[in-house]
Amino acid sequence: MIYQYKFEKILTIKEKEKSDARTAYNEALKNFEQVAEKLYKLLKKKEELLDYQQVKLTSGLSVQEIRHNQLFMGNLERLIEQCQKDVIEARYRMNLQQERLKEKNIEVKKYEKIKEKDFQKFLEVVKEAENKQMDEISIQQFLSKG
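The numbers in the UniProt record's numbering rise by one with no breaks, and the one at position 83 of the sequence shown is 83.
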């Protein structure tokens, strides 16, 4: 007797969906990390600019340099604001993909559990059939001796 799981094709499909969900999550995670790294670099640049301005203000700064720094700071703050929005969006997508991956993982586990229980039933049926066969052999041997 050969074991054949009745939901094998469904399990295969669910495992494929889980694999696809894992790939999508990994891509979303990578994207989030890239955007977060960009934001970090922009914030670091802003901090360095503020430090530079503080040093220059104590030693003296021309009006032209002040305007230039203010313009640069304004552009930098707009970039930071946009990047923060991108980080929030990337985090949202990453969390969404993570939830999808969890759902797919649960589905696969359900089908694996069903398969496990089904296999146990199969083993019980096989054992029962073997026991019946042994009983029949014993009865035939008893009758042939008697």
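The beta-carbon is built from N, C-alpha and C at its ideal position, and this holds for glycine as well. Quantities reported herein were computed from a predicted structural model and do not represent experimental measurements.
One thing to note: Gln84 has its Cβ no nearer than 9 angstroms to the Cβ of Leu29. Taking C-beta atoms as the reference points, Leu43 and Gln53 fail to come closer than 9 angstroms. The way I'd put it, the stretch 71–89 doesn't touch the stretch 110–120; fewer than three beta-carbon pairs between them come closer than 8 angstroms.
Approximately 27 angstroms separates the beta-carbon atoms of Leu49 and Asn31; this is outside 8 angstroms, ruling out the contact. For Tyr25, the uninterrupted alpha helix (DSSP H) run begins and ends at 8–59, by DSSP. Taking 9 angstroms as the cut-off, the beta carbon of Lys18 is found closer than this to the beta carbon of Glu107.
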